[in-house]
Ligand SMILES: Cc1cc2nc3c(=O)[nH]c(=O)nc-3n(C[C@H](O)[C@H](O)[C@H](O)COP(=O)(O)O)c2cc1C
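Residue numbers (my numbering): 234 to 400.
Right under this line is the structure:
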């Protein structure tokens, strides 16, 4: 399916500002995906502070988003063929499992979970203490049962491998 629209979503996990563009967005674009990039507010702040946003914008003809549109504005992104949420923090994993769409990134991925034709790939990135939270295992089980492709290995290469093999 490479050549389609890839909904690429990132949240505020350590290192995202260093590898998201060069490790994931650029290689995905080089594989022929048209990127519809949406960031959580934390990820947007970090990427902006790292001076990454202009280079990220250069990966796609679509706007890089982290805020919602006005009701009078058209949707800036087409519906993606596949979503990849990487990295997904413990916070964002919990919100996704519960259907909490309180920012633009969670809005698009929560909606995709209700679209049977749109596969969703999630790479959780959480520390040991966050993984020991009593709700963590339940959140992952919820996402698995919803058909989410969970990439357990770390790093952008694991996400690209999954994309290459599955879509
Ligand atoms: C330097 C730094 C690194 C962080 N790394 C992680 C991480 O790897 N995983 C995680 O779940 N949260 C991490 N956090 C905490 C999240 O950024 C925080 O929970 C934030 O609210 C996540 O928001 P988001 O999910 O909307 O992006 C980190 C915070 C900081 C300041």
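No residue lacks a Cβ here, since even glycine has one placed at the ideal position from N, Cα and C.
These numbers come from a predicted model, not from an experiment.
>> Tell me the residue span of the beta strand (DSSP E) that contains residue 381.
In response: Note, residue 381: premise wrong, no beta strand (DSSP E); not H, not E.
> To the nearest whole angstrom, what separates the beta carbons of residue 239 and residue 317, a pair I think is in contact under 8 Å?
Replying inline: 6 Å
> What are the start and end residues of the beta strand (DSSP E) that includes residue 267?
Replying inline: 267-272
> With a CB to CB cut of under 7 Å and the five nearest residues on each side skipped, what residues in its chain are close to residue 336?
Replying inline: 273, 274
> Below 8 Å, can you find three or more Cβ-Cβ pairs linking the segment 239-259 to the segment 276-296?
Replying inline: Verdict: yes, contact present.
>> Which residue wins for smallest C-alpha separation from residue 302, given the options 341, 319, 266?
In response: It is 341.
> Along the chain, which unbroken stretches of the beta strand (DSSP E) at least 3 residues long are found entirely within the segment 310-345?
Replying inline: 315-321
> What are the residues that DSSP puts in a beta bridge with residue 357?
Replying inline: 321
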